[in-house]
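K.L.:
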Amino acid sequence: MAAAMAMVIMLAALAILAPSARGLDRAEFPPGFLFGAATSSYQIEGAYLEDGKGLSNWDVFTHTQSREINDGRNGDVADDHYHRFMVQS
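What the sequence shown shows, in mature numbering (1 follows the signal peptide of the UniProt record, and there is no 0), is residues -23 to -1, 1 to 66, in sequence order.
#1: To the nearest angstrom, report how far apart lysine 30 and glycine 52 are at their CA atoms.
#2: With distances taken Cα to Cα, identify the nearest neighbour of serine 18 among Leu1, Asn34 and Gly9.
#3: Per the contact definition of three or more C-beta pairs closer than 8 Å, is the segment 6 to 14 in contact with the segment 38 to 54?
#4: Taking its Cβ as the centre, do 16 or more other Cβ atoms sit within 10 Å of threonine 16, making it buried, or is it exposed?
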């Protein structure tokens, strides 16, 4: 009986949520609406303490409070754009 009730609840939830899972259409937004995205150097650069780079708030936090971070990792390497994408002169 409990399994049948769980199935009914799951099917009801799917029926409610499925229409919203179709994605977004540009027409649903007002004219002139601008979409955007953001990131931070901490997420991208890496290069912890290289070339005179100073400490950021996140550098200090992740090195002193790593127990507060689920997996204990920090952004010392991050995506490592600093080393992977050098500016060519």
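We put the CB at the ideal spot given by N, CA and C, even for glycine. Quantities reported herein were computed from a predicted structural model and do not represent experimental measurements.
P.N.:
Once the coordinates are examined:
#1: Position 53 of the sequence shown, counted from the start, is the residue given in the question as residue 30. Position 75 of the sequence shown, counted from the start, is the residue given in the question as residue 52. Taking the straight line from one Cα to the other gives about 14 Å.
#2: Here residue 18 refers to the residue found at position 41 of the sequence shown. Measuring from the Cα of serine 18, the nearest candidate turns out to be Asn34.
#3: Here the segment 38 to 54 makes no contact with the segment 6 to 14; the two share fewer than three CB pairs at distances below 8 Å.
#4: On the sequence shown, residue 16 is found 39 positions in, with the first residue counted as 1. Under this definition threonine 16 is an exposed residue.
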